[in-house]
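A.B. asks: Pasting a structure below so you can have a look.
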Amino acid sequence: MPFVIYSERLAQESAKQYAYRILRRNILLLDMKPGEAIVEKDISAKLRLSRTPVREALLDLCRERLVEIYPQRGTRVALMDARLVDQGRFLRETVELALLELACKSFTEEHLAKLEANLAEQEHEVEQGDLINFFFKDNEFHRILFASCNKDTVFDAISFYMPHFTRERMLRLQMFNPSELIRDHRNIMTAIKAGDCRTAKMHLSEHLDHVMCDQQILLEGYPEYFIREEHS
Ligand SMILES: [Zn+2]
Numbered sequence: 016m017p018f019v020i021y022s023e024r025l026a027q028e029s030a031k032q033y034a035y036r037i038l039r040r041n042i043l044l045l046d047m048k049p050g051e052a053i054v055e056k057d058i059s060a061k062l063r064l065s066r067t068p069v070r071e072a073l074l075d076l077c078r079e080r081l082v083e084i085y086p087q088r089g090t091r092v093a094l095m096d097a098r099l100v101d102q103g104r105f106l107r108e109t110v111e112l113a114l115l116e117l118a119c120k121s122f123t124e125e126h127l128a129k130l131e132a133n134l135a136e137q138e139h140e141v142e143q144g145d146l147i148n149f150f151f152k153d154n155e156f157h158r159i160l161f162a163s164c165n166k167d168t169v170f171d172a173i174s175f176y177m178p179h180f181t182r183e184r185m186l187r188l189q190m191f192n193p194s195e196l197i198r199d200h201r202n203i204m205t206a207i208k209a210g211d212c213r214t215a216k217m218h219l220s221e222h223l224d225h226v227m228c229d230q231q232i233l234l235e236g237y238p239e240y241f242i243r244e245e246h247s
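Residues 16 to 247, numbered by the numbering used here, are exactly what the sequence shown covers, in order.
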């Protein structure tokens, strides 16, 4: 079972919070693959924790539909659910389009400079072939937009509630070059700079659409990762 310990336990973190943070990150970044078995005692050993906090963390992840626990058959990483991916995208688009209305009115030179710097970092990560860091820089781009309107905690909150959309974004990065995502970011930024809210919104919708448009290719490339639709 590939399992990455991204960082040591933080000073203020309880054992359960530490297990939860590391497990959730492994699942979202696809280090732990959809459908993969989770062996509680192996996780406990690797994290050097007792089994209770690991079990409690798994229960929390089960409530978030990232883990499935079967009394007889064991525990596994939840398969990706196209319905939940779609709902995550809906949440993100609905809120972020409203955010752009505010951003187009209140964006300052300072915010633009932050976006420019972030875009340069995105390009650097792609040149280095570091898709994980690119993924974080992509998130940061959008967080800067929210923060520019004093809505940064809104971005954090909605990001939390779309883990299946997040996993699909990660999967897409493994199959497609992210240069078109950078182009979208630049288009969004240029439209905001011009105060052209309609164009900014159009580019944002296109940006979030990439994942959905390519879903069929992802389903064909990784059928074992997805819940199969039942057709009667
Ligand atoms: Zn983006």
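Every residue, glycine too, gets a C-beta built ideally from N, C-alpha and C.
This one's a predicted model, so the numbers in the text were calculated from it and none came from an experiment.
In three-state DSSP terms, what is R91?
C.D. replies: Reduced to three states, the DSSP call for R91 is strand.
A.B. asks: Ends of the alpha helix (DSSP H) at E235?
C.D. replies: 230-236 is the extent of the alpha helix (DSSP H) around E235.
A.B. asks: Inspect the beta-carbon positions of L44 and M217 and report whether they are closer than 7 Å.
C.D. replies: Contact flag unset, no.
A.B. asks: Return helix, strand or coil for F18, following the three-state DSSP convention.
C.D. replies: Of the three classes helix, strand and coil, the one that applies to F18 here is coil, per DSSP.
A.B. asks: With a threshold of 16 other CB atoms inside 10 Å of the CB of N192, please say whether the residue is buried or exposed.
C.D. replies: N192 comes out exposed.
A.B. asks: Taking the straight line between their C-alpha atoms, what separation do you get for V69 and L76?
C.D. replies: Answer to the nearest angstrom: the Cα atoms are 11 Å apart.
A.B. asks: By the 10 Å Cβ neighbour count, where 16 or more other Cβ atoms means buried, how is V19 classified, buried or exposed?
C.D. replies: Classification of V19: exposed, given that the 10 Å Cβ count is below 16.
A.B. asks: Anything with a beta carbon under 6 Å from a heavy atom of ligand 1 counts; list them all in chain order.
C.D. replies: Those residues are D153, F156, H157, L196, H200, H222, given in chain order.
A.B. asks: Could you tell me if L81 is buried or exposed, where buried requires 16 or more neighbouring beta carbons within 10 angstroms of its beta carbon?
C.D. replies: L81 should be labelled buried.
A.B. asks: Does the structure place the region 91-110 close enough to the region 220-227 that three or more beta carbon pairs sit under 8 Å?
C.D. replies: Verdict: yes, contact present.
A.B. asks: Less than 7 Å separating the beta-carbons of F161 and F151?
C.D. replies: Cβ atoms of F161 and F151: not closer than 7 Å.
A.B. asks: Using 10 angstroms around the beta-carbon of I232, count the other beta-carbons present and answer buried if the total reaches 16, otherwise exposed.
C.D. replies: Counting Cβ neighbours within 10 Å, I232 comes out exposed, since fewer than 16 surround it.
A.B. asks: Tell me V82's beta-bridge partners as DSSP assigns them.
C.D. replies: DSSP, once it has assigned bridges, lists V92 as partnering V82.
A.B. asks: According to DSSP, which residues form a beta bridge with V52?
C.D. replies: Looking at the sequence shown, residue 52 is not Val but Ala. Beta-bridge pairing links A52 to R91.
A.B. asks: Of the residues L25, I84, R24, which one's Cα is nearest the Cα of E51?
C.D. replies: For E51, the nearest C-alpha among the options comes from I84.
A.B. asks: Tell me the residue span of the alpha helix (DSSP H) that contains A162.
C.D. replies: First-last of the alpha helix (DSSP H) with A162: 146-163.
A.B. asks: Would you decide whether Q189 is buried or exposed? Buried here means 16 or more other CB atoms lie within 10 Å of its CB.
C.D. replies: So Q189 counts as exposed.
A.B. asks: DSSP beta-bridge partners for F241?
C.D. replies: Paired residue(s): M95.
A.B. asks: Taking only the alpha-carbon atoms, compute the straight-line gap between I58 and Y237 and give it to the nearest angstrom.
C.D. replies: When rounded, the distance between both Cα atoms is 25 Å.
A.B. asks: Just to confirm my understanding: we take Q32, look at its own chain, exclude 5 residues before and 5 after, and list those with CB closer than 6 Å. What are they?
C.D. replies: Nothing meets the Cβ criterion.
A.B. asks: Would you report the Cα separation of L219 and N148, rounded to the nearest angstrom?
C.D. replies: Near 21 Å, if we compare the C-alpha coordinates of N148 and L219.
A.B. asks: Going by beta carbon distance, what residues of the same chain come within less than 6 Å of H222, once the five residues before and after it are set aside?
C.D. replies: Around H222: D199.
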